[in-house]
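Student: Numbering (the numbering used here), first residue to last: -19 to 113.
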Amino acid sequence: MELWFIVSNSVVFGCVQEALQRDYDEFKQPDIDGDDMISRAEFNLYVQNYLKNYPGLSPDDYPKWEDFDKDGDGFITFAEYEQQMAIQMSSEKEKQKYSRSTTNDYKIAGLTNLLRETQYADNFDDLFENFFG
Ligand SMILES: [Ca+2]
Ligand SMILES: [Ca+2]
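1. If you scan the region 27 to 102 from start to end, which runs of the beta strand (DSSP E) of 3 or more residues do you find wholly inside it?
2. Mind checking whether the beta-carbon of ILE56 lies closer than 7 Å to any heavy atom of ligand 2?
3. From ASN29 to ILE12, what does the alpha carbon distance come to, in whole angstroms?
4. For ILE12, write down the residues that DSSP places opposite it in a beta bridge.
5. For ASP49, is the classification buried or exposed, using 16 other Cβ atoms within 10 angstroms of its Cβ as the cut-off for buried?
6. Looking at ligand 1, does it come within less than 7 Å of ASP5, judged from the CB to the closest heavy atom?
7. Measuring CA to CA, which of ASN33, GLU60, GLY36 is closest to LYS44?
8. Would you grab the beta carbon distance between GLU62 and ASP3 for me? Rounded to a whole angstrom, and I think it's under 8 Å.
9. In angstroms, rounded to a whole number, what distance separates the CA positions of ASP15 and MET65?
10. Contact check, MET25 vs PRO10 under 8 Å by CB: the rounded distance?
Below, the structure written as C-alpha cells:
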C-alpha cells in the first residue's frame, strides 16, 4: 500500500527526481561494497535472493547480466541500469498497446456484426426482432 502510494505519487506529479532516486535505490540494493557499480558476483547474489522471493518466475523472466552490462566491461553502472529500465518500460508499453488493439478489434467485430444486421432490417422494430425476437 505504501509502495503503491509512492509509485502513484511520483507518476501523478511527474516528479522525475523522485523516480530517479527510486531507481537509484533499487540499483544500489545489490551493491554490497558500495562502489556505485554492480559486479558480476554482486549481480548473481542479488538474482539468487530475488528468485527466492519469486519462486514462480520462469527462466525467461530472470534478470540477465548481458542485458544490463551494455558495454561488457564486467560492471553495471547506474547509467546502464537506467538504459535497461527504459528498454523494459517501453516493451511493457508495447504489450499494453497490443492488448488494447485486440480489444479494439473485438469492438470493431461487434460493430460490424451490428451493421450487417441492420442491412436485413427495414426499421428499428425489425432490428429489435432480429436481435431479441
Ligand atoms: Ca559494487
Ligand atoms: Ca558496463
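Note that beta-carbon positions come from the ideal geometry of N, C-alpha and C, so glycine has one too. Just so we're clear, the structure is a prediction, and the values are computed from it rather than from any experiment.
Tutor: On the basis of the data shown:
1. none
2. yes
3. 13 Å
4. According to DSSP, which records beta bridges pairwise, ILE12 is partnered with nothing at all.
5. buried
6. no
7. GLU60
8. 6 Å
9. 20 Å
10. Contrary to the premise, residue 25 reads as Leu rather than Met in this sequence. Going by Cβ atoms, the distance from LEU25 to PRO10 rounds to 7 Å, so yes, they are a contact pair.
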